[in-house]
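Notes follow once the structure below has been shown.
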Amino acid sequence: MTRAAELEAMLIAAQAEMQRCREWLAYSEEASFTADAAGLIWLSPACERQFGYTLATAQALAVPLLAQLPARLARYAGGDATRWQVRRELELAHAGGHPVSVEITTTLLPETDGSVRRIHGIVRDLTLARELALRQKQFTSMLSHEFRTPLAVIDGAAQLLEMTGTAHDESTRKRYRKIQTAADRLLALLDEHLTPERMAEIGRVRQPDQVAPASLLQTAVQQAASQRSNITLALGNLPAQIRCDPAGMRLCLDVVLDNAIKYTPATSAIEVSGQMAVGGGLEMLVRDHGDGVAESELGRIFEKAYRGNNAGQIAGSGLGLYMASAVLEVHGGSLTARHASGGGMEFRIWLPIASQTGKVLA
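With the first letter of the sequence shown counted as 1, position 114 gets the number 114 in UniProt numbering; the numbers rise by one all the way through.
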């Protein structure tokens with residue numbers, strides 16, 4: 001092969017690679033840009049899809065963001081590499097006029113001669129992350145408060161019993177002290193683990209986990225069988241593993257099964273099933289044959305502290321379904337309920353498969 005033919009082949013290969021890069025950039029959801037001290041040089045198509053800006057309309061927006069770039073380049077040229085990559089969080093104006101919380105990571109781009117005149121930046125929308133953090137904080141505060149109230153009642157009652165039970169034998173008084181000690185221990189655990197700060201810390205370092213959905217369902221049904229013997233389980237086509245928080249999913253199943261047991265007669269059958277859902281994702285169904293929920297209350301059963309008219313004297317706080325729904329929402333899933341054909345209720349837990357979810361696990 002002649003030198004000219006080699007160069008032509010290299011040119012064709014380079015052009016093909018450039019075309020692949022253009023296609024990747026056209027469909028990539030990463031909002032990014034390249035800039036120098038004079039302004040923006042390039043803007044990814046995702047910037048327009050996410051923030052409404054084109055290269056021309058974003059130039060004015062970039063002026064204050066690039067104001068410190070000459071000084072940064074000068075420091076690097078002088079041997080200071082501490083600002084090779086810089087990460088900032090700030091509020092930017094969307095092209096539609098509303099503010100957007102973003103994280104911008106900029107990295108210096110070296111030229112072929114070793115000098116640096118440009119930066120490459122990646123822009124991430126923090127709206128969803130901040131909303132999830134706020135909801136997590138609110139949920140944690142609510143949960144902490146709901147636990148503290150009954151614990152304070154238990155602790156106060158135990159102290160009163162010990163103070164007024166002077167005629168009781170030492171064994172009985174010792175039980176009162178054990179109740180107080182247990183309440184104090186639970187309150188200490190709340191202070192240590194269930195504060196917004198502690199939960200936020202856990203959320204930053206926690207890695208997603210996996211569990212076998214078949215095993216998850218089998219364990220939940222086995223545990224519920226100690227309270228209700230006529231519970232059946234039907235397993236369909238299930239993936240070997242799903243990405244989720246196993247403890248959170250066990251909580252969801254336990255809550256739904258416990259509700260079915262509490263609000264149906266002891267002789268009533270409960271049917272549990274798991275399979276791939278029509279349209280994608282995984283669904284787990286819990287069907288009972290009780291009296292069900294009034295149509296007017298169906299839309300409220302997942303509200304915090306809400307209890308339907310059929311609750312009667314059945315013990316409960318109205319938090320179970322609320323917590324289960326919140327856990328599933330963090331997973332990108334959902335918990336819904338409907339009146340089943342032939343009577344009773346059907347609760348549906350739906351989870352996206354890992355490749356389908358767009359949400360970060362809590």
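Idealized CB from N, CA, C, for every residue including glycine. Note that the coordinates shown come from a computational prediction; the quantities given were computed from them, not determined experimentally.
N- and C-terminal bounds of the alpha helix (DSSP H) containing residue i
i, result
"THR264", "Where THR264 is concerned, there is no enclosing alpha helix (DSSP H), given that its DSSP letter is neither H nor E."
"GLU89", "Looking at the DSSP string, GLU89 is not in any alpha helix (DSSP H); the run it does join, the beta strand (DSSP E), is 85–93."
"SER325", "320–330"
"GLY219", "Rather than Gly, the amino acid found at residue 219 in this sequence is Thr. Taken as a continuous stretch (DSSP letters only), the alpha helix (DSSP H) holding THR219 covers 213–224."
Among the options, nearest to residue i - alpha-carbon criterion
i, options, result
"GLY344", "SER325, CYS244, VAL286 and TYR76", "VAL286"
"GLY52", "ALA46, ALA95, PRO239 and ALA71", "ALA95"
"SER325", "HIS339, SER341 and ARG348", "ARG348"
"ILE122", "THR112, SER115, ALA46 and THR166", "ALA46"
"ILE119", "LEU92, LYS137, GLN68 and GLN159", "GLN68"
"MET142", "TRP350, THR267 and MET323", "MET323"
"THR149", "ARG20, ALA183 and ALA234", "ALA183"
"THR57", "ALA93, ILE104 and PRO70", "ALA93"
"ASP36", "THR82, VAL330, THR107 and THR166", "THR107"
"GLU283", "VAL272, GLY292, TYR263 and THR2", "VAL272"
"GLN227", "VAL102, CYS252, LEU238 and TYR263", "TYR263"
"CYS302", "LEU321, SER296 and VAL293", "Correcting the residue type first, residue 302 is Phe in the shown sequence and not Cys. Answer by Cα proximity: LEU321."
"GLY299", "ARG338, GLY274 and HIS331", "ARG338"
"ASP288", "ALA240, LEU319 and ALA340", "ALA340"
Spatial distance of residue i from residue j (CA atoms)
i, j, result
"ILE270", "ARG135", "33 Å"
"LEU11", "GLU17", "10 Å"
"SER115", "SER32", "22 Å"
"CYS244", "GLY78", "49 Å"
"LYS304", "HIS168", "41 Å"
"ARG204", "LYS137", "At ARG204, the pLDDT of 42 sits below 50, so the modelled position is not reliable and the matter cannot be decided from this model."
"MET249", "VAL327", "8 Å"
"THR267", "GLN223", "18 Å"
"VAL278", "HIS98", "37 Å"
"GLY165", "ILE154", "16 Å"
"LEU335", "LEU253", "10 Å"
"LEU186", "ARG83", "47 Å"
"PRO246", "LEU128", "23 Å"
"ALA74", "ALA133", "38 Å"
Endpoints, beta strand (DSSP E) assigned at residue i
i, result
"GLU29", "Taken as a continuous stretch (DSSP letters only), GLU29 belongs to no beta strand (DSSP E), as it is neither H nor E."
"LEU40", "39–43"
"THR232", "231–235"
"LEU335", "334–339"
"GLU346", "345–351"
"ARG243", "242–244"
Residue i Cβ short of 8 Å to the ligand COA heavy atom set
i, result
"LEU161", "For the ligand COA, the structure offers nothing, since it holds no ligand at all."
C-beta neighbour in chain D for residue i, strict 9 Å
i, result
"LEU235", "No chain D appears in the structure shown, which is made up of a single protein chain."
query: Counting pairs of Cβ atoms below 8 Å between the stretch 27–40 and the stretch 58–68, do you hit three or more?
result: Yes, the stretch 27–40 is in contact with the stretch 58–68.
task: Tell me the start and end of each unbroken alpha helix (DSSP H) in the stretch 58–131 that is at least 4 residues and wholly inside, in chain order.
output: Listed in chain order, they are 59–65 and 69–77.
Touch test, the stretch 212–222 against the stretch 178–185, Cβ-Cβ under 8 Å, three pairs minimum: Two segments are said to touch when three or more pairs of C-beta atoms, one from each, lie closer than 8 Å; by this definition the stretch 212–222 does not touch the stretch 178–185.
- prompt: Counting only runs that start and end within the stretch 268–300, where is the alpha helix (DSSP H) found for 4 or more residues in a row?
  reply: Taking 4 residues as the shortest admissible run, the stretch 268–300 contains no complete alpha helix (DSSP H) segment at all.
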